[in-house]
Amino acid sequence: MKIIAFAGSNSDVSINRQLVTFASGFFSGHLIEILDLNDYEMPIYKNEREIENGIPQLAHDFAAKIDSSDLILLSLAENNGAYSAAFKNVFDWVSRISGRKVFAEKPMFLMATSPGKRGGSSVLEIASKRFPFDGAKVLETFSLPSFNENFDSEQGIVHEEKLQEMEEKIEQIKAFFKK
1 MKIIAFAGSN SDVSINRQLV TFASGFFSGH LIEILDLNDY EMPIYKNERE IENGIPQLAH
61 DFAAKIDSSD LILLSLAENN GAYSAAFKNV FDWVSRISGR KVFAEKPMFL MATSPGKRGG
121 SSVLEIASKR FPFDGAKVLE TFSLPSFNEN FDSEQGIVHE EKLQEMEEKI EQIKAFFKK
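Last residue of the sequence shown: 179 in the UniProt record's numbering, with the numbers rising by one and none dropped.
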C-alpha cells in the first residue's frame, strides 16, 4: 500500500507535520511518502491568473501524488477556525484541474492538532463535512488538543488516552484495507 502523508501547513516547525509523521509510523511495511506543502508553493489562485497562465505544474504534480496513493494521511493546521492559506491555495489550484475531484476518491485519515484545548476541532469539522464532496473517503478523524503538553518530539503522543484513540483508529483503517 502506498501512503502519502502531509500537513495542511507551510510552517517550517509545523506541529501538524509532526503529528502526521508520527501517525505514518504506525504503517510500517508500507510505502510512505511525506509531502511538504512548501514544495508546492504557487501564486494565490485567481481566475484571471488561471485564464492567462493556466494551471501551474506544481498543482498537477500534487494531484499526481494523490493519484498514486492508496491512502492519504492529512493533519490540518487551523488558522482562525479554518484551513491555512497555504493548504487552501494548493486545494484551489488542484480543484481547477479538469475532470477531477481534489482527493480522487482516496481513503483518508484526517487529523488536526493545535496548542489549544480544542485541538483544531473547528477545521476538522469543516473538512470532514467538506472533503467528501471533493473526493475524500474520510475513514477516521482524530484531534490532539494541547499539542505542547500531549506530544513529545522523541516519544510522539504522550497522553495515554489520545494515543490509544489514535492506535484504535489506525487499526480500523488497516481493517478497511483488509476487506
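Every residue, glycine too, gets a C-beta built ideally from N, C-alpha and C.
Per DSSP, which residues does residue i bridge with? Please list them.
{"i": "residue 107", "result": "137"}
{"i": "residue 144", "result": "113"}
Just to confirm the assignment, what range does the alpha helix (DSSP H) spanning residue i have?
{"i": "residue 131", "result": "That residue, residue 131, is in no alpha helix (DSSP H); it is neither H nor E in DSSP."}
Skipping 5 residues on each side, what residues in its chain have a beta carbon closer than 6 Å to that of residue i?
{"i": "residue 95", "result": "102"}
{"i": "residue 26", "result": "170"}
{"i": "residue 15", "result": "113 and 147"}
{"i": "residue 23", "result": "73"}
Quick one: what's got a C-beta closer than 7 Å to residue i's C-beta in the same chain, skipping five residues either side?
{"i": "residue 158", "result": "150, 151 and 152"}
{"i": "residue 93", "result": "42, 45, 55, 56 and 59"}
{"i": "residue 50", "result": "96"}
{"i": "residue 126", "result": "82"}
Quick check on the DSSP output: the beta strand (DSSP E) that includes residue i runs from which residue to which?
{"i": "residue 2", "result": "2-8"}
Any C-beta of chain C sitting closer than 8 Å to the C-beta of residue i?
{"i": "residue 49", "result": "The displayed structure is made up of one protein chain only, and chain C is not part of it."}
Once you ignore the five residues that flank residue i on each side, which residues in its own chain have a CB closer than 8 Å to its CB?
{"i": "residue 21", "result": "5 and 34"}
{"i": "residue 66", "result": "4, 72, 94, 102, 103, 104 and 106"}
{"i": "residue 176", "result": "107 and 139"}
Give the list of continuous beta strand (DSSP E) stretches no shorter than 3 residues that lie fully inside the region 10-98.
Fully enclosed beta strand (DSSP E) runs of no fewer than 3 residues occupy 31-34 and 71-76 of the region 10-98, in order along the chain.
Flag this pair as touching only if the region 138-150 and the region 94-114 have three or more C-beta atom pairs under 8 Å; answer yes or no.
Segments in contact, yes.
Starting from the N-terminal side, write out each stretch of the alpha helix (DSSP H) that is 4 residues or longer and does not extend beyond the region 155-179.
DSSP assignment within the region 155-179 yields the following whole alpha helix (DSSP H) runs of 4 residues or more, N-terminal first: 160-178.
Are there three or more Cβ pairs, one per stretch, closer than 8 Å when the region 161-175 is compared with the region 126-135?
Here the region 161-175 does not lie against the region 126-135, with fewer than 3 beta-carbon pairs under 8 Å apart.
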